[in-house]
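In what follows, a single structure is set out as structure tokens and then discussed.
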Amino acid sequence: MSNFNIAVVAGDGIGPEVMEQNIRVLDKVGQKFGHSFKYEYVKGGGCAIDEFGEPLPQHTIDVCKASDSVLLGAVGGWKWDTLPGDKRPERALLGLRGALGLYANLRPATLHEALKDACPLKPEFVQDGVDIMVVRELTGGMYFGEKGRKQTDMGEAAYDVEQYSVKEVERITRTAFEIARKRKKHLTNVDKQNVLESSRLWRSTVLEVAKDYPDVELDHLYVDNASMQLIMRPSTFDVIVTGNIFGDILSDEASQLTGSIGMLPSASLGEGSLGMYEPVHGSAPDIAGKNIANPIATILSGAMMLKYSFGLQDESKVIEDAVAKVLNAGYRTGDIMSEGMKKLGCVEMADAILAEI
Ligand code: NAD
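The opening position of the sequence shown corresponds to residue 0 in numbering that gives the first Met the number 0, with each subsequent residue numbered one higher.
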């Protein structure tokens with residue numbers, strides 16, 4: 000029996016609805032395996048602006064830092080859309096990632112057998128399934144590099160510097176190798192070393208780290224080729240490791256192979272076991288409060304937390320298997336509905352998953 004303290008930032012819009020279902024599922028798994036999950040609810044995003052005048056109060060950061068893991072719903076909404084950039088609800092996400100030192104973003108793109116029709120590719124391209132984990136560096140590269148404007152003989156110019164240190168590449172590469180070890184032991188490094196100096200340092204560092212992982216098959220693709228191969232032969236990928244901007248683009252491309260945004264979980268990890276787990280989707284203000292949101296992305300984020308922060312592989316798999324069984328039985332929320340299937344609301348979808356645990 001183990002005890003875990005979890006900080007919960009449910010956020011705005013559908014965030015609290017899908018989070019409630021996630022907690023029900025986690026509690027059932029806890030009961031089944033004899034673990035105790037203790038939750039501390041804190042505010043982040045638009046609801047924190049309303050209550051405290053800022054998207055990420057210090058108290059929220061403190062609670063998250065002191066916890067074993069953080070669950071996040073979604074933040075943002077129309078009400079706060081006119082606020083200036085640094086006051087917007089989305090600042091809570093960047094602020095938390097920074098405060099918790101989370102530098103690795105894990106985005107699985109799994110095409111569930113029962114949802115194959117939702118994939119936009121022809122069936123022959125995905126007949127062997129799609130199960131890809133994109134590991135994206137989250138705190139370096141040109142999103143965080145020096146930026147500015149200057150006058151040139153072509154007029155005003157702007158620049159964003161792509162910079163990576165050996166240490167930054169080493170730690171994200173190790174994270175990716177460790178994950179590959181627990182999957183099909185195949186890692187694809189994506190860079191642009193034929194053109195970029197930063198990619199040449201990236202590539203040589205990946206090759207150095209690879210010496211510690213002889214059991215994992217490693218290959219390399221240039222980012223332009225990787226974007227094509229993801230469409231041409233998605234079934235052949237296992238884990239992809241790449242920098243911030245390439246990962247931003249490739250993880251969205253990979254996610255589209257799976258059909259609906261309501262199905263996609265994510266994790267952000269740092270040095271220790273503390274991580275932040277959240278669905279890829281936003282706060283969906285258009286459907287909030289109607290009990291029609293798909294809770295599966297958030298529930299699968301909970302499963303990722305069990306696996307990556309708490310080392311509870313079997314418990315995590317029980318959730319993944321329950322989701323697969325419910326989909327195979329033909330149950331769907333509105334976003335993944337198709338002819339002949341049985342439509343459920345947010346709470347009823349969680350009920351169906353609970354019944355399989
Ligand atoms: P969104 O992901 O919230 O919604 C896009 C579309 O997908 C909408 O039609 C929505 O109804 C649908 N959708 C999303 N999640 C769903 C689910 N679980 N079940 C069924 N349908 C679902 O993106 P958006 O509309 O561009 O953004 C809305 C707000 O969310 C904005 O304020 C945005 O800044 C914020 N946002 C937050 C995050 C986050 O918290 N991580 C991420 C993206 C956007």
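Beta carbons: idealized from backbone N, C-alpha and C, even for Gly.
Top-ranked residue by Cα proximity to F176, from T235, I239, S308 and F32 = Here residue 176 refers to the residue found at position 177 when the sequence shown is read from its first residue. That would be I239, whose Cα lies nearest to the Cα of F176.
What residue from G29, E19, V7 and P15 has the CA that sits closest to I318's CA?
-> As a position in the sequence shown, residue 318 is number 319, starting the count at 1. Of the listed residues, the one whose Cα sits closest to I318 is G29.
Contact between the region 265-277 and the region 311-328 (3+ Cβ pairs under 8 Å) = no
Of all the options R173, G140, K166 and G154, which has the alpha carbon lying nearest to the alpha carbon of V160?
-> Taking the sequence shown and counting its residues from 1, one reaches residue 160 at position 161. Residue G140 is the option with its Cα nearest to V160.
Pick from P88, I131 and G288: whose alpha carbon is nearest that of H251?
-> Sequence index remark: in the sequence shown, residue 251 carries index 252 (1-based). The question names His, but residue 251 in the sequence shown is Asp. For the residues P88, I131 and G288, the minimum Cα distance to D251 belongs to I131.
Closer than 7 Å: is that where the CB of S337 sits relative to any heavy atom of the ligand NAD?
-> Residue numbering aside, residue 337 sits at position 338 when the sequence shown is read from its first letter. No; taking the cut-off as 7 Å, the Cβ of S337 has no heavy atom of the ligand NAD nearer than that.
What are the start and end residues of the alpha helix (DSSP H) that includes F3?
-> Sequence index remark: in the sequence shown, residue 3 carries index 4 (1-based). Going by DSSP, F3 is part of no alpha helix (DSSP H) but of the beta strand (DSSP E) stretching over N2 to G10.
Contact check, G128 vs S259, beta carbons under 8 Å = On the sequence shown, position 129 is the one that residue 128 refers to. On the sequence shown, position 260 is the one that residue 259 refers to. No.
Contacting residues, own chain, Cβ-Cβ under 6 Å from M262 (five flanking each side not counted) | To locate residue 262, count along the sequence shown from 1; it is residue 263. Only I295 and A296 meet the Cβ criterion.
L326 and A108 closer than 8 Å at C-beta | The residue labelled residue 326 in the question sits at position 327 within the sequence shown. The residue labelled residue 108 in the question sits at position 109 within the sequence shown. Not in contact: L326 and A108 (Cβ atoms no closer than 8 Å).
Between the region 82-99 and the region 208-216, do at least 3 Cβ pairs fall closer than 8 Å?
-> no
Tell me, please, which residues DSSP counts as bridged to Y276.
-> Within the sequence shown, the letter at position 277 stands for residue 276. L70 and A266.
With DSSP as the reference, please indicate the residues paired to L220 in a beta bridge.
-> Within the sequence shown, numbered from 1, the residue matching residue 220 stands at position 221. V189, per the DSSP bridge assignment.
Delimiting residues of the alpha helix (DSSP H) encompassing P15 | Position 16 of the sequence shown, counted from the start, is the residue given in the question as residue 15. Looking at the DSSP string, the run of the alpha helix (DSSP H) that includes P15 is G14 to F32.
How would you write the range of the beta strand (DSSP E) that I239 sits in, first residue to last?
-> One-based indexing of the sequence shown puts residue 239 at position 240. Its beta strand (DSSP E) spans residues V238 to T241.
State yes or no: is the C-beta of I335 within less than 8 Å of the C-beta of N293?
-> What you label residue 335 is simply residue 336 of the sequence shown in a count that begins at 1. What you label residue 293 is simply residue 294 of the sequence shown in a count that begins at 1. Yes.
Taking just the CA atoms, how far does L249 sit from N224?
-> The residue labelled residue 224 in the question sits at position 225 within the sequence shown. The residue labelled residue 249 in the question sits at position 250 within the sequence shown. If I take the Cα positions, the gap works out to 11 Å.
Could you work out which residue in E155, E50, K31 and K181 is closest to Y212 when comparing CA atoms only?
-> For the purposes of this step, residue 212 is taken as residue 213 along the sequence shown, with counting starting at 1. Residue K181 holds the alpha-carbon nearest to the alpha-carbon of Y212 among E155, E50, K31 and K181.
8 Å Cβ shell around I48 - same chain, five flanking residues per side excluded | For the purposes of this step, residue 48 is identified with residue 49 of the sequence shown, where counting begins at 1. Take I48, set aside five residues on each side of it, and the residues of its chain with a beta-carbon closer than 8 Å to its own are P54, W79, L82, K86 and P88, in chain order.
Could you tell me whether the Cβ atoms of I13 and Y38 are closer together than 8 Å?
-> Counted from its first residue, the sequence shown places residue 13 at position 14. Counted from its first residue, the sequence shown places residue 38 at position 39. When the beta-carbon positions are compared, I13 and Y38 stay at least 8 Å from each other.
Nearest candidate by alpha-carbon position, reference D360, set G344, A253, S337 and A354 | Examination of residue 360 is not possible in this model, given that the chain is present from 0 through 356 alone.
Unbroken alpha helix (DSSP H) run spanning M304, endpoints = Residue mapping note: residue 304 aligns to position 305 of the sequence shown, counting from 1. Taken as a continuous stretch (DSSP letters only), the alpha helix (DSSP H) holding M304 covers I295 to Y307.
Below 8 Å on the Cβ atoms is my guess for L299 versus C118; work out the distance and round it to an integer in Å.
-> For the purposes of this step, residue 299 is identified with residue 300 of the sequence shown, where counting begins at 1. For the purposes of this step, residue 118 is identified with residue 119 of the sequence shown, where counting begins at 1. Not quite, the Cβ-Cβ distance comes to about 18 Å (not below 8 Å), so this is no contact.
Cut-off 7 Å between Cβ atoms - residues of its own chain near V208, not counting five sequence neighbours on either side | The count along the sequence shown starts at 1 and reaches residue 208 at position 209. Correct list, in chain order: E169, T172, R173 and F176.
Would you decide whether G52 is buried or exposed? Buried here means 16 or more other CB atoms lie within 10 Å of its CB.
-> On the sequence shown, residue 52 is found 53 positions in, with the first residue counted as 1. Around the beta carbon of G52, fewer than 16 other beta carbons lie within 10 angstroms, which makes this residue exposed.
In the structure shown, what three-state DSSP assignment does R106 receive?
-> On the sequence shown, residue 106 is found 107 positions in, with the first residue counted as 1. Three-state DSSP puts R106 in a strand.
C-beta neighbour in chain D for G258, strict 8 Å = The displayed structure is made up of one protein chain only, and chain D is not part of it.
Could you name the residues of the same chain whose beta carbon sits closer than 6 Å to that of P56, not counting the 5 residues immediately before and after it, in chain order?
-> Numbered from its first residue, the sequence shown carries residue 56 at position 57. Contacts found: A47.
Less than 7 Å between the CB of L186 and some heavy atom of the ligand NAD, yes or no?
-> Residue numbering aside, residue 186 sits at position 187 when the sequence shown is read from its first letter. For the ligand NAD, not one heavy atom lies less than 7 Å from the Cβ of L186.
Cβ atoms of G75 and G281: under 8 Å apart, would you say?
-> In the sequence shown, counting from the first residue as 1, residue 281 sits at position 282. In the sequence shown, counting from the first residue as 1, residue 75 sits at position 76. Yes, they are a contact pair.
What residues match up with G149 in a beta bridge as DSSP calls it?
-> By 1-based counting over the sequence shown, the position of residue 149 is 150. Rather than Gly, the amino acid found at residue 149 in this sequence is Lys. Bridge pairing for K149: A156 [DSSP].
Local conformation of R96 per DSSP, three classes = To locate residue 96, count along the sequence shown from 1; it is residue 97. Helix at R96.
Range covered by the beta strand (DSSP E) that runs through D350 = Within the sequence shown, residue 350 is the residue found at index 351, counting from 1. No beta strand (DSSP E) holds D350; the alpha helix (DSSP H) holding it covers C345 to A354.
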